[in-house]
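>
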Amino acid sequence: MAPSMLGPNEKSTPRFESSTDPEGLQRFFSRLEELFDKCAVTTDAEKKKYAVVYTNIKTEKQWKVLEHHAKGTFEEFKKYILSSYDSALAGDRDAMQKMKQLVRQYRLSLIQERSDYMSFKWEFQVLAAVLKSEDVCSNRELVDQFLTPMSDRLYNSMKLQLERLNLPAGKTSRDPANPYTLEEVMASGLDVLQGVFSSMDRKQDEACGLDTAASSTRELHGVCASNRSNTNVDEAAVKQEDVGGILALMKDIFEQQVQQAQQERQRIAALEKAFIKQQKTIMSFLQQQQQQIQVQ
Numbered sequence: 364m365a366p367s368m369l370g371p372n373e374k375s376t377p378r379f380e381s382s383t384d385p386e387g388l389q390r391f392f393s394r395l396e397e398l399f400d401k402c403a404v405t406t407d408a409e410k411k412k413y414a415v416v417y418t419n420i421k422t423e424k425q426w427k428v429l430e431h432h433a434k435g436t437f438e439e440f441k442k443y444i445l446s447s448y449d450s451a452l453a454g455d456r457d458a459m460q461k462m463k464q465l466v467r468q469y470r471l472s473l474i475q476e477r478s479d480y481m482s483f484k485w486e487f488q489v490l491a492a493v494l495k496s497e498d499v500c501s502n503r504e505l506v507d508q509f510l511t512p513m514s515d516r517l518y519n520s521m522k523l524q525l526e527r528l529n530l531p532a533g534k535t536s537r538d539p540a541n542p543y544t545l546e547e548v549m550a551s552g553l554d555v556l557q558g559v560f561s562s563m564d565r566k567q568d569e570a571c572g573l574d575t576a577a578s579s580t581r582e583l584h585g586v587c588a589s590n591r592s593n594t595n596v597d598e599a600a601v602k603q604e605d606v607g608g609i610l611a612l613m614k615d616i617f618e619q620q621v622q623q624a625q626q627e628r629q630r631i632a633a634l635e636k637a638f639i640k641q642q643k644t645i646m647s648f649l650q651q652q653q654q655q656i657q658v659q
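364 is the number of the first residue of the sequence shown in our numbering; add one for each residue after it.
#1: Leaving aside the five residues before and after GLY435 along the sequence, list all residues of the same chain whose C-beta is less than 8 Å from its C-beta, in chain order.
#2: Tell me the rounded alpha-carbon separation between GLN488 and GLN524.
#3: What residues in its chain sit with their C-beta under 8 Å from that of PHE483, if we drop five residues either side in the sequence?
#4: CA-CA distance, SER520 and LEU528?
#5: When you compare the CB positions of LEU510 and LEU494, do they come within less than 8 Å of one another, or not?
#6: If we ignore side chains and look at the alpha-carbon of each, how far apart do LEU530 and SER551 end up?
#7: Look up MET481 in the DSSP assignment and give the residues it is bridged to.
#8: Would you give the residue range spanned by the alpha helix (DSSP H) that ASP538 belongs to?
#9: How long is the line joining the alpha carbons of ALA433 and LYS463, rounded to whole angstroms?
#10: Roughly how far, in whole angstroms, is the beta-carbon of PRO366 from the beta-carbon of TYR417, given that I think they are within contact range, below 8 Å?
#11: On the three-state DSSP scale, how would you describe MET368?
#12: What three-state label does DSSP hand THR418 in the structure shown?
#13: In the DSSP assignment, find the unbroken alpha helix (DSSP H) run with LEU429 in it and report its ends.
#14: Closest to LEU398 by C-alpha separation, out of PHE379, SER375 and ILE420, would be which residue?
#15: Looking at GLY370: is its Cβ nearer than 8 Å to the Cβ of PHE379?
#16: Taking the straight line between their C-alpha atoms, what separation do you get for ARG503 and LYS424?
#17: Considering VAL499, what are the terminal residues of the alpha helix (DSSP H) in which it resides?
#18: Could you name the residues that DSSP lists as bridge partners for MET513?
#19: Ignore the nearest five residues each way along the sequence and tell me which others in LEU404's own chain have a CB closer than 8 Å to its CB.
#20: Could you please give the first and the last residue of the uninterrupted alpha helix (DSSP H) stretch that includes LEU398?
#21: From the DSSP output, read off the bridge partner residues of PHE440.
#22: Tell me whether GLN622 is buried or exposed, calling it buried when 16 or more other Cβ atoms sit within 10 Å of its Cβ.
#23: With the cut-off set at 8 Å, would you say VAL415 and LYS427 are in Cβ contact?
#24: Between LEU490 and LYS461, is the Cβ-Cβ spacing less than 8 Å?
#25: Which residue wins for smallest C-alpha separation from VAL555, given the options PHE391, TRP485 and TYR518?
Next comes the structure, spelled out in structure tokens:
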């Protein structure tokens, strides 16, 4: 026998308050649907009933007068509610924007140390989980983004590490367009930086006929070194989002240069002011000395 639904005031009951951050709305519906499955709640009427009961009085009144509450499915009701809170539906767009900002941040100084790699990996995988759950990004797109801020040396080592992986169960080859999962790529970087990738592995690769030169063209997943350093990229192949990323990077560099120039001008102005003040002090001292000589 399935357990009963929780009471509105029980501690573990999913809650949504109109005064809370709207970004919590999707989490509210996710927890609510998990509770429906656990308690075998299947009808649309029951689902909508509990959806409004698990809110505060003001929100309950607002939701009950909606047309989709009186008629229609629970999914239609949920979709309408979500659409009325811009921040809730913008969650995936926010995650994409945050991911682009994260990649741009680490591209300023390419990743080659374990500490930087772990920091980047932790932030990236949180955003990737959101984007994958909403089907916003494919595995290939996430891998491309993840590899972008890696130094050439680290990338080449990761590539060799990936080439030595066993084929997935039941597969005779990997998909050339999407050969490795994001999890495999992340694990390869960690293995390399922890020292798993050694000279002995290179000898083993040579014996197996693998290319140990690890071409920096970044053919893996179609990621090219030109993404970061080659300016002779065919403009027709550059996505609008990449152009935006490049412009944002140039803007960051320009602002840093402007700030440095302003600081330098302020330093020079302070030196000039100090020099003039010192000059006046010296002139005053010399005048006093001259007056004393004349008196004598």
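The beta carbon of each residue, even a glycine, is placed where N, CA and C say it ideally should be.
By the coordinates alone:
#1: Correct list, in chain order: ASP407.
#2: Rounded to whole angstroms, the gap between the alpha carbons of GLN488 and GLN524 is 20 Å.
#3: Only LEU465, TYR469, ILE474 and PRO512 meet the Cβ criterion.
#4: Cα-Cα distance, rounded: 13 Å.
#5: Note that the C-beta distance between LEU510 and LEU494 is not below 8 Å.
#6: Distance from the CA atom of LEU530 to the CA atom of SER551, rounded to whole angstroms, is 15 Å.
#7: BP columns for MET481 are empty, so no partner.
#8: Here ASP538 belongs to no alpha helix (DSSP H), and DSSP marks it neither H nor E.
#9: The alpha-carbon of ALA433 is positioned some 42 Å away from that of LYS463.
#10: About 16 Å; that fails the 8 Å criterion.
#11: DSSP places MET368 in the coil class of the three-state scheme, outside both helix and strand.
#12: Of the three classes helix, strand and coil, the one that applies to THR418 here is strand, per DSSP.
#13: Neither: LEU429 is in no alpha helix (DSSP H) and is coded neither H nor E.
#14: With distances taken between Cα atoms, LEU398 lies closest to SER375.
#15: Taking a C-beta distance under 8 Å as the contact criterion, GLY370 and PHE379 do not qualify as a contact pair.
#16: In a straight line, the C-alpha of ARG503 is about 45 Å away from that of LYS424.
#17: Counted as a single uninterrupted DSSP element, the stretch harbouring VAL499 is not any alpha helix (DSSP H), since DSSP gives it neither H nor E.
#18: Within the DSSP secondary-structure output, MET513 pairs in a beta bridge with ILE474.
#19: Reading off the sequence shown, one finds Val at residue 404, where the question assumed Leu. Here the set comprises MET368, LEU398, LYS410 and TYR413.
#20: It spans 387-401 - the alpha helix (DSSP H) in which LEU398 sits, taken as one unbroken run.
#21: Beta-bridge analysis with DSSP links PHE440 to no other residue.
#22: With fewer than 16 other Cβ atoms within 10 Å, it is exposed.
#23: Result yes, Cβ atoms of VAL415 and LYS427 sit closer than 8 Å.
#24: At the C-beta level, LEU490 and LYS461 come within 8 Å of one another.
#25: Checked all of PHE391, TRP485 and TYR518; the closest Cα to VAL555 is TYR518.
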